[in-house]
Amino acid sequence: DTVAHKDWEADRMAVYAAMISCMDRNIGRVLDHPSARGIHDDTLILFLSDNGGCAEFMAEDGWAKFMPDITNDGRQIAMGNRPGLRPGGALTYQSYDLPWANVSNAPFRLFKHWVHEGGISTPLLVQWPARFAAGGVHHDPWHVVDVLPTILEASGAAYPAEFGGHAVQDLDGESFLDALAGKAVTRQQPIAWEHEGNAAVRMGNFKLVRQFGQDWELFDMDADRTELHDLKGRNAPVEAMLKQEYDGWAERVGVMDWSVALPRLLRLWQMDDAHG
Numbered sequence: 019d020t021v022a023h024k025d026w027e028a029d030r031m032a033v034y035a036a037m038i039s040c041m042d043r044n045i046g047r048v049l050d051h052p053s054a055r056g057i058h059d060d061t062l063i064l065f066l067s068d069n070g071g072c073a074e075f076m077a078e079d080g081w082a083k084f085m086p087d088i089t090n091d092g093r094q095i096a097m098g099n100r101p102g103l104r105p106g107g108a109l110t111y112q113s114y115d116l117p118w119a120n121v122s123n124a125p126f127r128l129f130k131h132w133v134h135e136g137g138i139s140t141p142l143l144v145q146w147p148a149r150f151a152a153g154g155v156h157h158d159p160w161h162v163v164d165v166l167p168t169i170l171e172a173s174g175a176a177y178p179a180e181f182g183g184h185a186v187q188d189l190d191g192e193s194f195l196d197a198l199a200g201k202a203v204t205r206q207q208p209i210a211w212e213h214e215g216n217a218a219v220r221m222g223n224f225k226l227v228r229q230f231g232q233d234w235e236l237f238d239m240d241a242d243r244t245e246l247h248d249l250k251g252r253n254a255p256v257e258a259m260l261k262q263e264y265d266g267w268a269e270r271v272g273v274m275d276w277s278v279a280l281p282r283l284l285r286l287w288q289m290d291d292a293h294g
């Protein structure tokens, strides 16, 4: 009863729900195609949701505008989360904002943009009737970089050493095909993330994570998946090992120093007429 602009808030979630319904319907059309061709049972299908509920406020959060405010045919777009501006039309651009993102992400911490669980955890649905029984659940974490190795193993294809006369970057990730088959396997290498200065690394049940500009936190993901009880200072060897793994990964893949990159990006946005 204390929520302001309840009808408008309900409209925002109604538009979001309609978008999900539209997506679901059209994914169903795609999935009908293998059946129509008679190859359903021998088709490997992987569906990975996008990561994290989006808590971005649009222009209200002080960031530079990052979307064009006109359509391709020159019509003006009404930008931003403004009560009274009904969302959903082709000439509006809004988000569903922090409260609804919290609903989407509960009980996990933080949202898209961060690398706490609320920003990175996502279900992967896999179907391959000729190879796997339906209904299996595998809880151990994997990463999007593991998808390509899995497809290569499933198809028997080789990863090329070069393409067009140029060397191809070494394949990252590990195949999780055995996990899909119900075998008790886990990822052997640590998983690392970095996005706009937010960083994390996970090995086994321990995860080291930090928000940009803040200290590292350490969590036991088996006991504390919601990342509420920081164990930093209680297990120095694990902290040191994970920090070393993260630093090695960051150097190998070329992670930018966000404290240097962010001011440069803000200057570029301000100089770009298309982005305000």
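Numbers given in my numbering equal positions in the sequence shown, counted from 1, plus 18. Every residue gets a Cβ at the ideal spot worked out from N, C-alpha and C, and that includes glycine. Just so you know, these numbers come straight off a predicted model, no measurement behind them.
By the Cβ-count criterion, K225 is buried, with 16 or more other Cβ atoms from all chains shown falling within 10 Å of its own Cβ. For F150, the closest alpha carbon among the candidates A175, G182, D196 is that of D196.
Note that the region 177-189 does not touch the region 219-233; fewer than 3 beta-carbon pairs, one per stretch, sit closer than 8 Å. According to the DSSP secondary-structure assignment, A217 is paired through a beta bridge with E212, R228. When C-alpha distances from L109 are compared across G92, R205, A36, D42, the shortest belongs to G92. Between D29 and R104, the beta carbon gap of about 6 Å places them in contact (Cβ cut-off 8 Å). Rounded to whole angstroms, the separation of the alpha carbons of F237 and A210 is 15 Å.
Per DSSP, reduced to three states, the secondary structure at E245 is coil, with no helix or strand assignment.
Counting only runs of 3+ residues, the beta strand (DSSP E) found wholly inside the region 34-119 occupies 63-66, in chain order. Residue environment: H247 is assigned as exposed (fewer than 16 neighbouring CB atoms within 10 Å of its CB, all protein chains considered).
DSSP places D238 in the strand class (E or B) of the three-state scheme.
Cα atoms of R47 and G251: separation of roughly 52 Å, rounded to the nearest angstrom. Inter-residue distance for E74 and V133 is about 15 Å (C-alpha atoms, whole angstroms). In the three-state scheme derived from DSSP, where H, G and I count as helix and E and B as strand, Q262 is classed as helix. Your pair G106 and V33 checks out as a contact, with CB atoms roughly 4 Å apart and the cut at 8 Å. DSSP places V203 in no alpha helix (DSSP H); its state is neither H nor E. In this structure, the straight-line span from the alpha carbon of S39 to that of S67 is close to 14 Å. The region 119-128 and the region 49-69 do not touch, with fewer than three beta-carbon pairs separated by less than 8 Å. Pairing M31 with Y111 gives a Cβ-Cβ distance that is not under 9 Å. According to the DSSP secondary-structure assignment, H134 is paired through a beta bridge with no residue. A179 carries a coil assignment under DSSP once its states are collapsed to helix, strand and coil. The C-beta distance from K130 to G71 rounds to 6 Å, short enough to fall under 8 Å. DSSP places L128 outside both helix and strand once states are collapsed to three, so it counts as coil.
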